[in-house]
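Residue numbers for the sequence shown follow the numbering used here, beginning at 2 and rising by one.
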Amino acid sequence: MRPQLEEVVVVSSEQNWIPQSVDVSVPSAARVYDYLLGGAHNFAIDRMMGEKVEKMMPHARSAARVNRALLRRTVRFMVDQGVRQFLDIGSGIPTVANVHEVAQEEAPESRIVYVDRDPVAVAHGELIVAGNDRVSVLQADMRDPDSILTSGEANRLLDFDQPIGLLMLFTVHWVPTEADPWGLLKHYREALPSGSYLAISHMANDHANDEAFAAANRMNQAGGDVVVERSRDEIAAFFGDFELVEPGLVKYAEWRPSGPGDISDDPAVNRVAYAGVGRKS
């Protein structure tokens with residue numbers, strides 16, 4: 002089902018800074034995620050999709066918040082290990098506690114490159130980071146790693162002779178199996194210098210129930226991004242020969258929680274995804 006014409010017109014007039022190339026009739030993973038987090042940078046089709054996902058997965062909003070809390074913890078961990086530059090792929094639409102806010106609070110000299118293919122995420126990201134010369138936003142597809150790794154933004158802000166924190170949270174499960182996500186991750190891992198870290202959170206199929214599969218299928222059938230849930234072993238393979246730091250690859254709410262806000266009271270939420278951080282020796 003597509004939004005009514007009047008809904009599209011209202012959204013377009015109220016958010017006229019959005020690039021004209023945006024197709025407001027097709028849901029976007031970044032914008033649905035923004036909706037689930039309570040953001041305002043989404044269209045009628047994204048809200049409709051988010052509402053359908055919520056009906057089938059009543060814990061969808063909580064899952065989005067738990068993943069956002071994971072982002073904060075992984076960035077703080079990497080900063081504590083001495084990392085001062087970050088590449089956030091599939092960064093989505095910026096909301097509270099972005100990578101640059103967390104990293105630069107601890108280490109003001111930190112440099113960050115955000116990457117997303119969604120033009121809305123990029124346009125809003127550019128507004129958020131305007132005036133911060135240590136942060137940049139790049140529109141690119143994660144399935145084209147060379148366009149990211151050799152971009153002007155990466156060359157300006159990232160030193161590939163020093164450790165980099167690569168963040169791919171709730172990102173790789175959008176890459177279909179036929180696109181060889183394991184080969185894709187190998188490309189990124191090989192580009193990172195020694196001492197770098199890779200953080201991944203990924204939807205889990207061995208913890209998913211029928212509601213989770215139905216929600217993923219609904220998103221796929223709507224013509225938007227395709228969700229591929231994977232097993233723990235399949236997700237572990239994304240780290241290659243990187244050494245997983247403690248506690249290893251675990252349920253995403255269990256990766257070094259620092260307080261009640263990092264773990265949901267609903268066990269179903271805590272089983273949604275796996276997460277881990279690996280270090281390149």
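Just so it is clear, CB atoms sit at the ideal spot from N, CA and C, and this is done for glycine as well.
Just curious, the beta strand (DSSP E) that residue i is in, first and last residue?
| i | result |
| --- | --- |
| S202 | Y198 to M204 |
| Y115 | R112 to D117 |
| R231 | Premise fails: R231 is in no beta strand (DSSP E) and is neither H nor E. |
| A276 | A274 to R280 |
| V136 | V136 to Q140 |
| I90 | Q86 to I90 |
On a Cα-Cα basis, can you pick out the residue from the options that is closest to residue i?
| i | options | result |
| --- | --- | --- |
| D142 | Q105, L158 and A180 | A180 |
| V136 | T151, D119 and L159 | L159 |
| Y275 | L128, S148, Y198 and H174 | H174 |
| I236 | P258, D47, Y115 and A205 | A205 |
| A65 | F44, V27 and I94 | I94 |
| T1 | H188, G40 and W256 | Outside the displayed range of the chain (2 to 282) lies residue 1, so it cannot be described from this structure. |
| G277 | Q86, P109, E244 and R62 | E244 |
| E106 | R257, R73 and D47 | R73 |
| L170 | H203, R144 and N43 | H203 |
| R233 | Y253, V246 and D242 | Y253 |
| V67 | W256, S282 and E102 | W256 |
| S92 | N43, L128, P177 and D117 | D117 |
| E191 | D162, V54, T172 and D207 | D162 |
| D134 | R112, S63, A200 and F239 | R112 |
| L186 | Y198, R231, A122 and G241 | G241 |
| D145 | I90, L199 and A122 | I90 |
| D31 | A124, H101 and V114 | In the sequence on display, residue 31 carries Ala and not Asp. Looking at the Cα atoms, A124 is the closest of the given residues. |
| E102 | V176, V121 and R77 | R77 |
| S197 | V33, G51, D47 and R280 | R280 |
| I264 | D47, R48 and S63 | S63 |
Taking only heavy atoms of the ligand MG into account, decide whether any of them is closer than 7 Å to the Cβ of residue i.
| i | result |
| --- | --- |
| T172 | The ligand content of the structure shown is nil, which means the ligand MG is not present either. |
Going by other Cβ atoms of all chains shown within 10 Å of its Cβ, with 16 needed for buried, is residue i buried or exposed?
| i | result |
| --- | --- |
| A98 | exposed |
| S195 | exposed |
| A131 | exposed |
| P261 | exposed |
| L250 | buried |
| L37 | buried |
| L139 | buried |
| E154 | buried |
| P248 | exposed |
| N43 | buried |
| R272 | buried |
| G126 | buried |
| P109 | exposed |
| T178 | exposed |
| G184 | exposed |
| A70 | buried |
| S282 | exposed |
| G39 | exposed |
| R157 | exposed |
| S259 | exposed |
| A41 | exposed |
| L193 | buried |
| D35 | buried |
| L199 | buried |
| D24 | exposed |
| L128 | exposed |
| S26 | exposed |
| D207 | exposed |
| D147 | exposed |
| V176 | buried |
Output the boundary residues of the alpha helix (DSSP H) element that contains residue i.
| i | result |
| --- | --- |
| D35 | A30 to L37 |
| Q105 | V100 to E107 |
| A64 | A61 to D81 |
| L128 | P120 to V130 |
| V270 | P268 to N271 |
| message | Using 8 Å as the cut-off, can you tell me whether the stretch 254-270 makes contact with the stretch 225-239, which would need three or more C-beta pairs spanning the two stretches below that distance? | response | The stretch 254-270 is not in contact with the stretch 225-239.
| In chain order, each alpha helix (DSSP H) run of at least 4 residues that lies wholly inside the stretch 145-192 | Complete alpha helix (DSSP H) runs here, min 4: 146-150, 153-158 and 182-192.
| query | Is the stretch 164-177 close to the stretch 79-90, with three or more CB pairs under 8 Å? | reply | Taking a cut-off of 8 Å on C-beta distances, the stretch 164-177 touches the stretch 79-90, as three or more cross pairs fall below it.
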